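What follows is a single structure, written as structure tokens, with notes after it.
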Amino acid sequence: MRSLSLFAAAFLAMLVAGTASPVQAQAVSQPVETGNAVSQLVAEQAGIAPGETIRIGLYQELREGWHVYWMNPGDSGLPLEIDWTLPEGFETGDIQYPLPHRIPLGPLVNFGHEGTPLFMIDLTAPADAAPGQTVSLSADATWLICADICIPESATLSLSLPVVAEPAGADPAGAALFAEGDTHMPEQGGLEAAWYDLGGKPVLELSGDIDPQAEIFFFPAAISVVEPAAEQQVVGIDDGVRLFLQPSFDYDPAALDVLDGVVTIGERGIAIAAAQTGAPAGVTPPDAATPSEAANAAPAASATAPASSASRNLFAILGLAFLGGIILNVMPCVFPVIFIKAASLAHSAQEKRATIVRHGFIYTAGILVAFLAIAGLLLALRAGGEQIGWGFHLQSPVTVAVFAIVIFLVGLNLAGLFEIGTSVQGVGTGLAAKGGNSGAFFTGLLAVAVAAPCIGPFLGVPVGFALSAQQPAIVGLLVFAVMGLGLALPYLLISLIPGIAKALPRPGAWMEVFKQVLSFAMFATLVWLIWTLTLQAGTDGLVLVLIALLLTGFAAWAFGLSQRSTGSGARLFARVLALAAIGGGLYVLAGITPQLRTADYVASAPGEGDLSKLPTVAYSEATLEELRAAGTPVFIDFTAAWCVTCQVNKQTVLTRQQVVSQFHEKGVVYMVADWTVQDPEITRALEAQGRSGVPLYLFYAPGASEAQVLPQVLSFDIMRETFSVL
319 MRSLSLFAAA
329 FLAMLVAGTA
339 SPVQAQAVSQ
349 PVETGNAVSQ
359 LVAEQAGIAP
369 GETIRIGLYQ
379 ELREGWHVYW
389 MNPGDSGLPL
399 EIDWTLPEGF
409 ETGDIQYPLP
419 HRIPLGPLVN
429 FGHEGTPLFM
439 IDLTAPADAA
449 PGQTVSLSAD
459 ATWLICADIC
469 IPESATLSLS
479 LPVVAEPAGA
489 DPAGAALFAE
499 GDTHMPEQGG
509 LEAAWYDLGG
519 KPVLELSGDI
529 DPQAEIFFFP
539 AAISVVEPAA
549 EQQVVGIDDG
559 VRLFLQPSFD
569 YDPAALDVLD
579 GVVTIGERGI
589 AIAAAQTGAP
599 AGVTPPDAAT
609 PSEAANAAPA
619 ASATAPASSA
629 SRNLFAILGL
639 AFLGGIILNV
649 MPCVFPVIFI
659 KAASLAHSAQ
669 EKRATIVRHG
679 FIYTAGILVA
689 FLAIAGLLLA
699 LRAGGEQIGW
709 GFHLQSPVTV
719 AVFAIVIFLV
729 GLNLAGLFEI
739 GTSVQGVGTG
749 LAAKGGNSGA
759 FFTGLLAVAV
769 AAPCIGPFLG
779 VPVGFALSAQ
789 QPAIVGLLVF
799 AVMGLGLALP
809 YLLISLIPGI
819 AKALPRPGAW
829 MEVFKQVLSF
839 AMFATLVWLI
849 WTLTLQAGTD
859 GLVLVLIALL
869 LTGFAAWAFG
879 LSQRSTGSGA
889 RLFARVLALA
899 AIGGGLYVLA
909 GITPQLRTAD
919 YVASAPGEGD
929 LSKLPTVAYS
939 EATLEELRAA
949 GTPVFIDFTA
959 AWCVTCQVNK
969 QTVLTRQQVV
979 SQFHEKGVVY
989 MVADWTVQDP
999 EITRALEAQG
1009 RSGVPLYLFY
1019 APGASEAQVL
1029 PQVLSFDIMR
1039 ETFSVL
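Heads up: take any position in the sequence shown, counting from 1, add 318, and you land on the numbering used here.
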């Protein structure tokens, strides 16, 4: 509301510009929208006198959930930069930033601003500026704005100000913005500060008006001097507090005379410039403190990180990951690969023993490579500030479209339209249906691609543990590798145990028919992917992916034609056609863009509306708090269109009439957290539960302090038992 009221004040000032005096009309520039921010230059006063210094500023309204960066952005990011074009003799000072706050991003911490920051700058006119003239100020501003992704944005902003003989009065719109902005600026003075080096680490001592029970944190102005993500241990002393800081890679006590920045004490922020002094005698770090020093520690003041999950038994986590990987083989999300493996196993019966074993290990290698590649990319993106979770690749409509193309090609291959690995002389091994080293490896890759969106039984805790900010990357990769071994185990056992391989059916003509029948399972998967993409990219995306599929089908036909042609010229021409069609398909896919999802669900109050449908609301933290405060029971469905397990639960349990009736009779609200496309608010809610993927089902009973976590595979009995407390 505050953002809306401030913008309304500025907008009203521009509306009356035609009737206001020339002086009042110049204090707020025209806003410039850049996609995720609306920016404008503002002046606190209606004009500037010769030799006078006034405040101007860059005012921004940031898109909800997005942030820009402080002068020291922390572990990553870029601060605001302004390149001024000023009249001769006019000068601007440094950018004065509002108070920052910490933005945790995986193992990193950034410093930034959200909402409606106002970046203030002093503007000084020359003493010989001529009253009566109007001066034009131009600013080329660039900034990095981030949410689940980071986008560099820029704008050229212009502001005209009259030069007046005497200091002008406050401009109504500009003064209102500055009055609000002043409440978010650090206080000047009020603390005495000094710092010293203690064993290669900086220690900051503060004295003055300090609440020892408030949360205290120091934001250093210099980049890479103090580690942003490290805990700042706070110890109470006689006349203030002592902060033990962790040095960053640019920390050099010999070159650091003054340690300046902002100290936040609860809601207050105070600018400091701490001069370097010698370390007092007897000072030791908190982990080596004497009993008397420990007694003076301020327990509520330390800006500590959340309790580390490293205390959990790693072997238990790995055991859950392995067991969950095995169970993934029977989860609905892996059904497409089961059909491919069925065709591969049928063909394996005619292979030599050594070949069967080799294919088992290659299939396992494909799974491990895919798991480690996706997990490594996910960990790297989260470390760089992306708020994403497991299965993130299917939140991109372009990735879903590419996946659809791959599944379509597999289906056409199984149907016999073309072969992989064939030569002019005869038909060789097919991609996934006829085995081969490449086929075994590809099937392993594909198994992970379709299994990754699902968090099956036993996997919620291991995946959340692996992606926790407290875990080293090597531990996260180990968890995912063990999960991959579990997924590969059944086929690997079939390959290694002779008795199982001998039990496979003997090869024959039936295999070709069986392979063609399985192609329809691929086409059914294709229907699901197209439906998912339609939800993500709308009808425009649907048209583009259908065009790409048409070109892909033509490319597969042309490639198959080249395999059956006897003349070299005909083969070459057919393959050129295939390559051209594939290139055209990729070009079309590049045009697919995501759109914000509109709710698929009709919201109604509990017990009202259509009793045959779930009483549904869309997820939001604010709505959840309101419902819980009112004593309303809430069932939260963390779901996504690309999560097959989610859809199976929805169709077989949640939307069945006996379950829907329970929702209405018990007055339970069905809250849908739809993660089909990236949603930072839902990502945060998943992470708060130690999870990084869907499905997740939570039930908040009236008055309960914590949510009840339900199994990932639902049943009527589970739902009845869950609601039995009401």
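Backbone N, C-alpha and C define an ideal beta-carbon position, used for all residues, glycine too. Keep in mind the model is a prediction, meaning the values are calculated, not measured.
The beta-bridge partner set that DSSP reports for W384 is empty.
A Cβ-Cβ contact shorter than 9 Å links L727 with A874. At a Cβ-Cβ threshold of 9 Å, W513 and A573 do not count as neighbours. Here the alpha carbon of L423 sits roughly 14 Å from the alpha carbon of P790.
Take the alpha-carbon of L811 and the one of G878: they are about 35 Å apart.
A Cβ-Cβ separation of about 6 Å places L561 in contact with V552 under the 8 Å criterion. In the same chain as P808, and ignoring 5 residues on each side of it, the C-beta atoms closer than 6 Å to its own belong to N647, in chain order. DSSP links I583 through a beta bridge to I534, R586. Shown here for K519: same chain residues with a beta carbon closer than 6 Å to its own, the five before and five after excluded, namely P565 in chain order. Counting other Cβ atoms within 10 Å of its Cβ, D489 reaches 16 or more and is therefore classed as buried. Using a 10 angstroms sphere on the CB of I792, the tally of other CB atoms stays under 16, which defines it as exposed.
About 6 Å separates the CB atoms of V601 and L516; that is less than 8 Å, so the two are in contact. Cβ neighbours of T371 within its own chain (closer than 6 Å, five residues either side excluded): D440, T442. The DSSP-derived three-state label of A593 is strand. Per DSSP, reduced to three states, the secondary structure at L844 is helical. Just so you know, the alpha carbons of V987 and P951 end up roughly 6 Å apart. With contacts defined as CB atoms closer than 9 Å, M1037 and Q975 fail to qualify as a contacting pair.
Of the other Cβ atoms in all chains shown, fewer than 16 fall within 10 Å of the Cβ of L897; this residue is therefore exposed. For N647, no alpha helix (DSSP H) run applies, since DSSP gives it neither H nor E. As computed with DSSP, N428 is found in a beta bridge with G392, I421. Distances from the CA of A445 to each of M389, E379, A367 were compared; the closest alpha carbon is that of A367. Beta-carbon to beta-carbon, G903 and T870 are separated by about 5 Å, close enough to satisfy the 8 Å threshold. Taken atom to atom, the span from the alpha-carbon of V800 to that of A866 is near 37 Å.
Contact between S478 and T460 fails: their C-beta atoms lie close to 22 Å from each other, not under 8 Å. The C-alpha of V978 lies about 21 Å from the C-alpha of T941.
Under DSSP, M801 takes part in no beta bridge, so it has no partner. If you draw a straight line from the Cα of Y387 to the Cα of S525, it comes to about 29 Å. A Cβ-Cβ separation of about 13 Å leaves F798 out of contact with A698 under the 8 Å criterion.
In the three-state scheme derived from DSSP, where H, G and I count as helix and E and B as strand, I1036 is classed as helix.
Between A1019 and A1003, the CB-CB gap reaches or exceeds 9 Å. Cβ-Cβ distances below 6 Å link K984 to F1041, L1044 in the same chain, with the five nearest sequence neighbours on each side left out; the list follows chain order.
One alpha carbon belongs to R676, the other to L803, and they sit about 16 Å apart. For R974, the three-state secondary structure derived from DSSP is coil. Beta-bridge annotation (DSSP): R1002 is not paired with any residue. CA-CA distance, L860 to L844, rounds to 12 Å.
When rounded, the separation of the alpha-carbon atoms in M389 and C961 is 41 Å.
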